[in-house]
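Chemist:
Number of protein chains: 2
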Amino acid sequence: MDAFADDARSLAGGTEGAAALRSLTGVVLDALEGGAARRGGPLPPGGPGAVAERVRAVLGAPGGGVGGAGAVLPELGTGAVEALSSLVGLAAEGAADPADPLCAAHLHCPPLAVAAAADLSASVLNPSMDSWDQAPAASELEAWTCRALAGLVYGEGSGGDAGADALVTTGGTESNQLGVLLARELYGRDVRVVYGANAHHSVPRAAWLLGLPEPVRVPAPRGVLGPAELREALGSLDAGRPGVPVLVVATAGTTDTGAIDPLDELADVVGGFGPRSARGGGGGARLHVDAAYGGMLLFSRGRRARLAGLERADSVTLDLHKLGWQPVAAGLFVVPDRRALGPLDHRADYLNADDDTAAGLPDLLGRSLRTSRRPDIFKVAVTLRALGRAGLGALVEQTCEVASRLAELVEAEPRLELFGPPALSTVLFRPVGADAGAVAAVRRRLLVEGRAVLGRAAVSRGAAVSRGGGGQGTGGRDELWLKATLLNPHAEDSDLRALLKLVLEALPSSAGCRPERPTPAPPLPASRSGSPPALTESASDTTPVTASSAARSPRS
Amino acid sequence: MDAFADDARSLAGGTEGAAALRSLTGVVLDALEGGAARRGGPLPPGGPGAVAERVRAVLGAPGGGVGGAGAVLPELGTGAVEALSSLVGLAAEGAADPADPLCAAHLHCPPLAVAAAADLSASVLNPSMDSWDQAPAASELEAWTCRALAGLVYGEGSGGDAGADALVTTGGTESNQLGVLLARELYGRDVRVVYGANAHHSVPRAAWLLGLPEPVRVPAPRGVLGPAELREALGSLDAGRPGVPVLVVATAGTTDTGAIDPLDELADVVGGFGPRSARGGGGGARLHVDAAYGGMLLFSRGRRARLAGLERADSVTLDLHKLGWQPVAAGLFVVPDRRALGPLDHRADYLNADDDTAAGLPDLLGRSLRTSRRPDIFKVAVTLRALGRAGLGALVEQTCEVASRLAELVEAEPRLELFGPPALSTVLFRPVGADAGAVAAVRRRLLVEGRAVLGRAAVSRGAAVSRGGGGQGTGGRDELWLKATLLNPHAEDSDLRALLKLVLEALPSSAGCRPERPTPAPPLPASRSGSPPALTESASDTTPVTASSAARSPRS
């Protein structure tokens with residue numbers, strides 16, 4: 003082995019690991035700081051081609067190293083300090099950083115420093131949550147934390163052997179999958195998943211994954227799953243096949259608009275549908291609520307009433323890596339009675355032999371579909387303790403207020419159109435009169451120039467006009483909007499104004515809505531103004547976002 | 003909000019995050035150091051009851067806080083420094099630390115410091131791997147690293163559009179699931195999974211999860227899946243239902259013994275079975291190899307020949323969080339041709355709209371069944387670069403040599419019996435004449451006293467006598483062995499001797515094999531000798547491992 007690789011052989015744990023980590027985490031923090039400064043904005047300019055080129059420059063020419071993939075795996079190592087400096091610097095320089103208020107496309111939150119620091123200890127101690135003898139304290143801490151969060155959904159006093167509990171997941175997708183899986187195990191493989199058109203794509207994907215019949219997609223022209231529409235869908239289903247068991251999936255905080263389904267009314271519909279099985283058709287009906295985004299309102303005394311009815315769900319998805327400021331992953335699957343988790347029980351003699359369990363060693367294997375499992379709940383536990391209910395509630399409220407403020411600014415700007423008042427922390431808007439091509443081009447232009455990260459949502463306008471329980475909506479077809487998913491509680495008025503200004507400036511001149519008096523471009527950081535990206539984007543849909551397609555990339 | 007929670011509101015990212023993290027990671031490293039010193043051994047003494055009691059003492063009395071679960075979620079936060087100090091300290095004090103050479107039960111590795119430090123930057127930058135605009139550089143780095151590792155399996159020169167590729171998974175369980183899923187999508191839902199009795203429990207569990215027929219378990223009395231047994235199983239299956247498509251799952255490095263199936267011969271059998279479909283029965287046969295443990299031999303020039311035939315598999319599971327010294331999760335699912343991953347393609351307009359993809363924004367959604375996804379490959383990329391092929395190969399060899407050395411020491415000790423020469427880095431042994439109850443009791447006693455973490459394996463003795471391709475084995479019934487899964491490359495001779503000494507000392511006096519001249523107990527750290535655990539363990543199977551069952555725990 004070469005001498006340079008020697009420092010790379012130190013272990014993180016034990017009594018000596020901390021000493022090695024003191025210098026290495028210093029290298030990491032320096033590289034993060036340097037990379038962020040070089041980036042100088044919410045994401046690197048130049049689009050995918052420029053980023054690919056920069057990665058290639060650091061990883062070495064293709065053809066060298068193992069697997070024809072450059073110097074990813076050199077024969078001789080470069081040592082821990084070089085590897086951390088170069089690759090952490092590369093990742094930071096090329097990040098879309100959600101801590102920058104102009105990075106607001108997705109449910110992709112800026113983690114709290116306290117959570118990221120706590121997560122370091124998970125990597126160092128490396129408990130694996132599949133057996134007690136790999137994670138004595140970590141598994142006990144997980145049990146406590148899961149119960150506390152489940153109590154937040156299902157109310158206090160739900161302790162005891164049959165009390166509410168939660169499993170830790172990789173996120174909403176896995177939690178939704180578990181909701182579908184429990185229904186399958188309870189009702190059998192002919193259970194039909196019934197979901198709103200506003201639900202997350204992982205819901206029908208779970209049905210596919212688990213081998214269930216094609217799920218039923220209920221139209222949601224108003225952006226929420228309406229009780230009338232649900233009742234109609236369940237009725238048709240039952241008429242076609244009397245007694246068919248169903249799992250209804252509702253959403254508290256959609257990805258597109260942040261809308262919250264009327265949970266209490268939906269629970270009534272589901273509750274009324276289940277007992278038809280008494281008429282002899284088998285049947286049964288369960289309600290799963292995907293509250294990955296909206297569930298965090300539970301921390302806010304002022305806003306938690308928005309989730310009324312959540313506690314009537316048979317299972318709930320929560321994600322603390324959305325409105326909870328945790329690094330991914332911090333998903334939860336919550337049930338009102340831990341006995342419902344029985345179908346996940348599983349035996350592997352080396353992990354939970356009967357005699358070990360009988361002798362008092364906790365059996366952890368039924369707490370996940372995974373086997374080896376990182377203690378993702380640990381950073382959550384530290385965050386809950388550090389901020390308390392009040393501290394997290396304040397951050398939730400502050401973030402929702404940032405969204406309301408952005409909506410006000412959009413409304414005050416005649417060249418911009420607001421989709422509707424934000425339900426949570428997502429604001430949809432667009433330049434007045436911009437068609438889908440222009441909206442998509444604005445988003446891509448901001449991305450490629452490294453100026454802002456905005457998302458997109460194709461939704462029906464009916465979803466906006468009906469807030470407050472109004473009529474049927476337009477029922478018109480989906481239109482494309484710019485989406486700002488605001489998750490940075492510290493974003494300021496000046497950030498929001500800058501974001502809107504960038505949008506107006508990014509309008510392609512061919513679009514019908516070019517502002518008459520374009521405001522001057524803001525001063526750009528050097529890395530942005532130095533070499534303007536070779537951008538040929540127009541309002542047309544298929545222009546490449548990058549001229550560097552010649553850059554060889556493993557993706558090509 | 004209370005003043006104490008103020009420091010907890012800092013974000014990890016941006017240009018200012020590093021400053022906040024400098025002090026907070028210092029707090030974490032201090033707490034890790036302090037916790038490890040208080041623990042003073044491979045795991046905390048006292049068993050589950052004592053650990054639960056300690057957690058309860060830190061988290062506060064039940065009944066307070068939210069959800070009836072103590073002070074997990076206090077109304078007011080304690081601030082970042084207090085929360086990190088107390089909970090990281092608690093986790094470290096209560097860890098089973100794989101960096102301690104006496105912690106060797108499971109495929110639960112001590113992470114390298116360089117990998118844990120790299121993982122910190124993943125938590126800080128928080129790229130989510132489901133869309134380019136959440137992870138510009140991180141997704142490009144992932145693409146390069148996955149290709150390089152896939153090249154390690156399927157050989158160099160496999161570049162180009164149809165080349166080998168890998169998906170990042172949460173571990174072997176998910177990778178095995180993906181292998182089964184691709185077979186289902188290729189062959190349909192009547193595909194039969196055929197696996198050796200020596201395979202990981204996640205293989206039949208994947209069939210259950212994905213809604214497939216009951217899989218076929220092939221006896222493996224010699225500890226490996228034999229070609230003759232496989233041929234026979236496939237023949238019976240085909241006779242019962244001509245043309246039935248199959249997925250054969252083989253193992254390179256079993257959890258119980260580290261045994262490697264004869265991959266080349268199994269590939270011959272599978273290859274010979276597939277073409278029968280030409281006889282008109284439909285059919286088809288694929289081979290998936292679970293090389294979660296053994297796959298890391300690929301890094302060793304001297305030992306990679308042990309995996310001959312791996313490159314003939316249709317898909318391969320690798321786990322760098324086993325013999326690759328990464329924190330969990332670092333799983334990979336490897337295929338020889340990335341076009342095989344097509345069934346995972348998936349569309350969600352907000353993440354990979356057609357016009358964005360056409361315009362050159364990379365489509366990442368088909369690279370996982372998850373949506374939000376942590377950049378788990380990042381620490382792997384840093385480790386590959388820091389150590390190089392040679393550095394990792396040397397660690398693999400060193401670790402296998404540690405296992406060989408332990409096997410020699412067992413053989414040299416007349417009071418101990420060796421199962422057989424280690425195939426990888428797992429050594430099975432037991433006190434001469436110890437029955438299953440005595441073996442299980444020794445393991446639990448060492449656990450509860452906080453002296454050593456050893457695993458257990460119930461395997462047939464035939465698995466040992468047949469190494470080298472010998473006969474049919476005894477075919478006798480499974481017997482219980484102590485299992486040392488050695489993953490610490492730096493373990494020394496003195497550590498291994500200490501481990502064996504502890505085993506001999508832990509033998510219950512009622513067992514038939516008590517050594518005549520018990521060696522004196524080694525000096526114990528204060529925390530161990532101070533308060534002897536209230537241990538009532540005997541050779542009987544059902545004695546509780548802890549007397550503290552009165553301690554209230556959320557698990558109770």
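Line by line, the protein sequences give chains A and B.
The working numbering puts the first residue of the first sequence at 3, with every later residue one more than the last.
The working numbering puts the first residue of the second sequence at 3, with every later residue one more than the last.
Yeah, the Cβ is synthetic: ideal placement off N, Cα and C, and Gly gets one too.
As the structure is a prediction and not an experimental result, all values here were calculated from the model.
#1: Can you have a look at R243 (chain B) and say buried or exposed, based on whether 16 or more other CB atoms are within 10 angstroms of its CB?
#2: Quick check on DSSP: helix, strand or coil for Y189 (chain A)?
#3: Along chain B, in chain order, which residues have C-beta atoms closer than 7 Å to that of T147 (chain A)?
#4: Cα-Cα, which of A:A241, A:L232, A:A20, A:L45 is closest to A107 (chain A)?
#5: Using DSSP's beta-bridge definition, name the partner residues of C105 (chain B).
#6: Can you pull out the residues from the stretch 124-142 of chain B whose beta carbon lies closer than 9 Å to at least one beta carbon of chain D?
#7: Whose Cβ in chain A lies nearer than 9 Å to the Cβ of L227 (chain B)?
#8: Have a look at G326 (chain A) and H492 (chain A) and give me their C-alpha separation to the nearest angstrom.
#9: May I ask you to list, following chain order, the residues of the stretch 189-217 of chain A that have a beta carbon less than 9 Å from some beta carbon of chain B?
#10: Tell whether a beta-carbon distance below 9 Å holds between S406 (chain A) and G225 (chain A).
#11: Using only the alpha-carbon positions, how far apart do L408 (chain B) and V398 (chain B) sit?
#12: Tell me which residue opens and which closes the alpha helix (DSSP H) that L506 (chain B) is part of.
#13: Where DSSP assigns a beta bridge to E419 (chain A), which residues make up the other side?
#14: Determine which residues share a DSSP beta bridge with K485 (chain A) and list them.
#15: Chain A beta carbons: is any one of them nearer than 9 Å to that of D568 (chain B)?
#16: If contact means a Cβ-Cβ distance below 7 Å, which residues of the stretch 319-343 of chain B contact chain A?
#17: Against chain A, does F600 (chain B) count as a neighbour if the rule is that its beta carbon must be under 9 Å from one of theirs?
#18: I want to see whether chain A comes within less than 9 Å of G16 (chain B), judged by CB atoms only; does it?
#19: Taking 9 Å as the CB-CB limit, is C111 (chain A) close to chain B?
#20: Against chain B, does V68 (chain A) count as a neighbour if the rule is that its beta carbon must be under 9 Å from one of theirs?
#21: Is any beta-carbon of chain A found at less than 9 Å from that of E84 (chain B)?
#22: State the Cα-Cα distance for the pair H323 (chain B) and V205 (chain B), rounded to the nearest angstrom.
#23: Per DSSP, what kind of secondary structure is V318 (chain A) in: helix, strand or coil?
#24: Which bits of chain A does A230 (chain B) rub up against, with CB to CB less than 7 Å?
#25: Kindly indicate if chain A contains any beta-carbon less than 9 Å away from that of D347 (chain B).
#26: Taking its Cβ as the centre, do 16 or more other Cβ atoms sit within 10 Å of V434 (chain A), making it buried, or is it exposed?
#27: Can you give me the start and stop residues for the beta strand (DSSP E) that G198 (chain A) sits inside?
#28: Are the C-beta atoms of K503 (chain A) and some chain B residue less than 9 Å apart?
#29: If you measure between the beta carbons of D316 (chain A) and P345 (chain A), is that distance less than 9 Å?
#30: Quick one: measure Cβ to Cβ for L268 (chain B) and G297 (chain B), integer angstroms, because I've assumed they're closer than 8 Å.
#31: Whole alpha helix (DSSP H) runs in the stretch 177-263 of chain B with 4 or more residues, listed along the chain?
#32: Just mark R375 (chain A) as buried or exposed, buried being the case when its beta carbon has 16 or more other beta carbons within 10 Å.
#33: For the beta strand (DSSP E) that contains T147 (chain A), what are its first and last residues?
#34: Name the chain A residues whose beta carbon is nearer than 8 Å to that of D99 (chain B)?
#35: By alpha-carbon positions, which one of A:H348, A:C111, A:L31 ends up nearest to S25 (chain B)?
#36: With a threshold of 8 Å (Cβ to nearest heavy atom), would D240 (chain A) be considered close to the ligand NAP?
Modeler: Let me lay it out:
#1: exposed
#2: helix
#3: V74
#4: A:L45
#5: B:V455
#6: The structure shown contains no chain D; the protein chains it does contain are A and B.
#7: Within 9 Å Cβ-Cβ: nothing; L227 (chain B) doesn't reach chain A, min ~18 Å.
#8: 14 Å
#9: R191, H202, H203, S204, R207, L211, L212, G213, L214
#10: no
#11: 16 Å
#12: 495-508
#13: A:R432
#14: A:L430, A:G457
#15: As shown, chain B starts at 3 and ends at 558. That puts residue 568 (chain B) outside it, with no answer to give.
#16: H323, P329, V330, A331
#17: Nothing in the structure corresponds to residue 600 (chain B), since chain B is present only between 3 and 558.
#18: yes
#19: yes
#20: Annotation note: pLDDT 47 at V68 (chain A) (below 50); position unreliable, coordinate value reported separately. Judged by the 9 Å Cβ criterion, V68 (chain A) is in contact with chain B.
#21: yes
#22: 19 Å
#23: strand
#24: Near A230 (chain B) there are no residues of chain A at all, since even the closest Cβ is about 26 Å away, more than 7 Å.
#25: no
#26: exposed
#27: 194-198
#28: no
#29: no
#30: Rounded, the Cβ-Cβ distance is 16 Å, inconsistent with contact.
#31: 204-211, 229-242
#32: buried
#33: Taken as a continuous stretch (DSSP letters only), T147 (chain A) belongs to no beta strand (DSSP E), being part of the alpha helix (DSSP H) at 138-156.
#34: G15, G16, L127
#35: A:L31
#36: With respect to the ligand NAP, the structure offers nothing, as it holds no ligand at all.
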